[in-house]
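Below you'll find the structure, written out as structure tokens, and then a few comments.
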Amino acid sequence: MPAFSTFFPMLPSDLPTIMEWLRTKGDQRKFNSLSEVEIQHTPKVFQVKLKLLASALSTLFDELELTEDCYAVGHTSKLLAAELVNISSAKLKKNVGSPCTVVFIDRTLDMVQASSTSSSNLADKIFQLLPKLPGHNLDVVVDMTRLISSTTCKNNVLVPGSLAHSPSHKEAQSLLSFMVMESKQDSLTKIYMKLVKILKEESISVPEDTNVGKVTTDKLSLLINYFRNNMEIFLKHSAVLQVAMAVVNTAEHEDNSCLEEIQSTEKVLQLSLNEEDSPSCLSHMLMLLKNVREGIRSYCLEDILLLLVYVYSLVGDESSDSLEEESNLQDTIIQDILSEKLTVKTKFIIDVKQDSEKVVRNKIVGCFQRLSGLKHLRDDFTSFRELFRNTSSLHNLRSYEPILKQIVEKVFDPKKAEINDIEFKSARLKDFIKSGFSLFMNVSKPHPSDHPVLFLFVVGGVTCAEIQQINEYISSQNIKTQVIMGSTNILNSQDILSRIFSQNNALYMPYS
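When we follow our numbering, the leftmost residue of the sequence shown carries the number 1, and every step to the right adds one.
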């Protein structure tokens, strides 16, 4: 939902801001945790955005002729679910349409996939590396210049492409959906075979590839060259060519080597968590900064912060890192920024030309406060507390288990056991009676798997890899329920940095 692409769940570090806003209204109350915060306690800008999002979702369900049962995982999701329930109740929607389940999930409960560079999903790589199309929140700029002859196009004219096309371009939409849902290799093969088919239909001879199963971006790039300088075919198949060129642009992007370097660091951090005698994750980060100072690595502050988001969210409150290590890392980052050993690329975190030493120090301290909030968001959970856990009986190695996948597994567990971490929200009297009487009578409580349609809505953004994982799980388990995923945004690393570390959001904007 592009209109809500900047909406993001609250963090524990937002509590001082919320209390400060309340003090401007003469309210001196104090909060010890997010669970104490109600919608009326938040700044007006945040309230308006949340209410508008709930209203948009309510309209969507009206159009689909669905009556929703709302569930929530995470505090902001609970506020959103409650608001949607209130709207539905006011509209007297009960028994109007077919029943469906909506489960809202806070993005902040699992930032691992969103902050990682190791996604094997091709669409994620495109959204990560290609620049945003001006005026758009989701679409990207695709450089199409190589398909235009230099004799028909001046050097200073940019030929832009994009991924979003009208419904009439069904083939391009199908390819984009395939990239989101399927593996990188399958996506490359699908696009390659589509281009081969187009060339054959246009009677353009192409050397036969005897090894189609191993399609690479180089092969795709060579195939695209057959469309060059042919304006008639270019215009006829421009939508498909834009999708194909997005893949080629991504493969040729200069930041690929940096992403691979960060990916190797993520693997080292996971391995260290599996070895008892291995240095802690923060010790690894200190060594990483040492390598940056010595010119061995070329990481910037943004890379370091993303790795910290990855680690803090992955391990949660079970981190073995000491407060002393965290303090040392914090001081090292500050000194490296001030001595210009660690570069900063985004001004919304630190403006190296404007910010004084005191401001830099305060901002980095603030970054660690927000990171600390990420670490404790799952403290009260019972089912979804751990993201890094042992999922195999064959070995003792732990691995990352996404919270979305855990939620779907629990929802479709044949035992249909109560899930304490998923809170049911309803304004319907019969549901409250049903929930209450089930405590002492043989009456089943409402369950997320009760209905034939399940909406999973991630508040704060989702990655294509997560959509792919859920799709693969649903297919592998032969689940008959229709599962639909929605979110406020498709995330890349820049989004993560701005949502967590920037003060330009709904909670920090001028109070009203």
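Cβ coordinates follow ideal geometry from the N, Cα and C atoms, glycine included.
With DSSP collapsed to three states, give me the class of P16. Along the sequence shown, read from residue 1 onward, the residue named residue 16 stands at position 16. Here P16 sits in helix by DSSP.
Looking at C-beta atoms only, is the number of pairs between the stretch 364-375 and the stretch 229-240 that lie closer than 8 angstroms three or more? Judged by Cβ distances under 8 angstroms, the stretch 364-375 makes no contact with the stretch 229-240, as fewer than three pairs qualify.
With burial defined as no fewer than 16 other Cβ atoms inside 10 Å of the residue's Cβ, what is the status of A56: buried or exposed? Locating residue 56 in the sequence shown gives position 56, where the first residue counts as 1. Classification for A56: exposed.
With a threshold of 16 other CB atoms inside 10 Å of the CB of R378, please say whether the residue is buried or exposed. Residue numbering aside, residue 378 sits at position 378 when the sequence shown is read from its first letter. Buried, since its Cβ has 16 or more Cβ neighbours within 10 Å.
Please report the distance separating the alpha-carbon of P510 from that of A81. As a working note, residue 510 is residue 510 in the sequence shown. As a working note, residue 81 is residue 81 in the sequence shown. Residue placement at P510 is flagged as unreliable, the pLDDT there being 48, under the threshold of 50; the coordinate-derived value follows with that caveat. Their Cα atoms are separated by approximately 26 angstroms.
Which of the three DSSP states is assigned to Q482 in this structure? Walking along the sequence shown from the start, residue 482 turns up at place 482. DSSP places Q482 in strand when its eight states are reduced to three.
Give me the Cα-Cα distance between N230 and L199, rounded to the nearest whole angstrom. The residue given as residue 230 occupies position 230 in the sequence shown. The residue given as residue 199 occupies position 199 in the sequence shown. The straight-line gap from Cα to Cα measures roughly 12 angstroms.
Going by C-alpha distance, which of L497, S205, A246, Q40 is nearest L175? One-based indexing of the sequence shown puts residue 175 at position 175. Of the residues L497, S205, A246, Q40, the one whose Cα lies closest to the Cα of L175 is A246.
Kindly confirm or deny that the stretch 297-313 and the stretch 342-360 touch, where touching means at least three C-beta pairs closer than 8 angstroms. yes
How many Å lie between S280 and T24 at the Cα? Translated into positions along the sequence shown, residue 280 becomes position 280. Translated into positions along the sequence shown, residue 24 becomes position 24. Going from the Cα of S280 to the Cα of T24 covers about 43 angstroms.
State the Cα-Cα distance for the pair I500 and L11, rounded to the nearest angstrom. Here residue 500 is taken as the residue at index 500 of the sequence shown, counted from 1. Here residue 11 is taken as the residue at index 11 of the sequence shown, counted from 1. Each residue's Cα considered, the two are about 9 angstroms apart.
May I have the straight-line CA-CA distance separating V309 from E68, to the nearest angstrom? In the sequence shown, residue 309 corresponds to position 309, counting from 1. In the sequence shown, residue 68 corresponds to position 68, counting from 1. Going by the C-alpha atoms only, they are around 34 angstroms apart.
Put I490 into one of helix, strand or coil per three-state DSSP. Looking up residue 490 in the sequence shown gives position 490. Three-state DSSP puts I490 in a strand.
So is S107 buried or exposed if we call it buried at 16+ other beta carbons inside 10 Å? Within the sequence shown, the letter at position 107 stands for residue 107. Checking the sequence shown, residue 107 turns out to be Arg, not Ser. By the neighbour-count rule (16 or more Cβ atoms within 10 Å), R107 is buried.
Name the residue from F8, V141, F127 whose alpha carbon lies nearest to the alpha carbon of L79. Taking the sequence shown and counting its residues from 1, the one referred to as residue 79 is at position 79. If we check each option's Cα against that of L79, F8 comes out closest.
Taking 8 angstroms as the threshold (C-beta atoms), are V141 and L130 in contact? Sequence index remark: in the sequence shown, residue 130 carries index 130 (1-based). Sequence index remark: in the sequence shown, residue 141 carries index 141 (1-based). Going by C-beta atoms, L130 is nearer than 8 angstroms to V141.
Does DSSP put I419 in a helix, in a strand, or in coil? Translated into positions along the sequence shown, residue 419 becomes position 419. Looking at I419 - three-state DSSP - the assignment turns out to be coil, as it is neither helix nor strand.
Considering just the uninterrupted stretch of the alpha helix (DSSP H) at Y473, what are its terminal residues? As a working note, residue 473 is residue 473 in the sequence shown. 464-476 is the extent of the alpha helix (DSSP H) around Y473.
On the three-pair Cβ rule with 8 angstroms, is the stretch 177-194 touching the stretch 214-224? yes
Where the beta strand (DSSP E) through I105 begins and ends: To locate residue 105, count along the sequence shown from 1; it is residue 105. 98-106 is the span of the beta strand (DSSP E), which, as asked, contains I105.
Taking M179 and A244 to be in contact with their CB atoms under 8 angstroms, please state how far apart those CB atoms are, rounded to whole angstroms. Position 179 of the sequence shown, counting from 1, holds the residue named residue 179. Position 244 of the sequence shown, counting from 1, holds the residue named residue 244. Contact doesn't hold; Cβ gap of about 11 angstroms is too wide.
What are the boundary residues of the beta strand (DSSP E) that includes A172? As a first step, residue 172 is located in the sequence shown; it is residue number 172 there, counting from the start. Not the beta strand (DSSP E): A172 falls in the alpha helix (DSSP H), residues 170-181.
Do the stretch 481-498 and the stretch 107-117 make contact, defined as three or more Cβ pairs closer than 8 angstroms? yes
Nearest-angstrom beta carbon gap, L133 and S162 [assumed within contact, 8 angstroms]: As a working mapping, residue 162 is identified with position 162 in the sequence shown. As a working mapping, residue 133 is identified with position 133 in the sequence shown. The pair is a contact, with the Cβ atoms about 5 angstroms apart (cut-off 8 angstroms).
Alpha-carbon spacing of R389 relative to T101, whole angstroms: Here the question's residue 389 lines up with position 389 in the sequence shown. Here the question's residue 101 lines up with position 101 in the sequence shown. C-alpha separation (whole angstroms): 28 angstroms.
Of the residues L306, E63, L50, which one's Cα is nearest the Cα of L84? Locating residue 84 in the sequence shown gives position 84, counting from the first residue. Comparing Cα-Cα distances from L84 to each of L306, E63, L50, the minimum goes to L50.
Is the distance from the Cβ of T488 to the Cβ of M111 below 8 angstroms? Stepping through the sequence shown from its first residue, residue 488 is reached at position 488. Stepping through the sequence shown from its first residue, residue 111 is reached at position 111. No, these two residues do not count as a Cβ contact at 8 angstroms.
So, helix, strand or coil for C300, using DSSP? What you label residue 300 is simply residue 300 of the sequence shown in a count that begins at 1. Here C300 sits in coil by DSSP.
What does the Cβ neighbour count give for M287, buried or exposed, with the cut at 16 atoms within 10 Å? Taking the sequence shown and counting its residues from 1, the one referred to as residue 287 is at position 287. Exposed, since its Cβ has fewer than 16 Cβ neighbours within 10 Å.
Could you tell me whether the Cβ atoms of P452 and T481 are closer together than 8 angstroms? Mapped onto the sequence shown, residue 452 falls at position 452. Mapped onto the sequence shown, residue 481 falls at position 481. Cβ atoms of P452 and T481: closer than 8 angstroms.
Same chain, Cβ closer than 7 angstroms to L314, five either side skipped, listed in chain order: Here the question's residue 314 lines up with position 314 in the sequence shown. For L314, where only same-chain residues beyond five positions count, the Cβ hits under 7 angstroms are V112, L387, F388, Y400.
Which residue spans inside the stretch 324-404 form an unbroken alpha helix (DSSP H) run of at least 4? Counting whole runs of 4 or more residues, the stretch 324-404 contains the alpha helix (DSSP H) stretches 357-375.
Can you tell me whether DSSP reads G461 as helix, strand or coil? Translated into positions along the sequence shown, residue 461 becomes position 461. Coil at G461, not helix or strand.
Three-state secondary structure assigned by DSSP to Y445: Translated into positions along the sequence shown, residue 445 becomes position 445. Checking the displayed sequence, the identity of residue 445 turns out to be Lys instead of Tyr. The three-state reading of DSSP puts K445 in coil, since its state is none of H, G, I, E or B.
In the DSSP assignment, what residue or residues form a beta bridge with K190? Start at 1 with the first residue of the sequence shown, and residue 190 comes out as number 190. Per DSSP, none; premise fails for K190.
Kindly indicate the opening and closing residues of the beta strand (DSSP E) around A72. Start at 1 with the first residue of the sequence shown, and residue 72 comes out as number 72. Start and end: 66-73.
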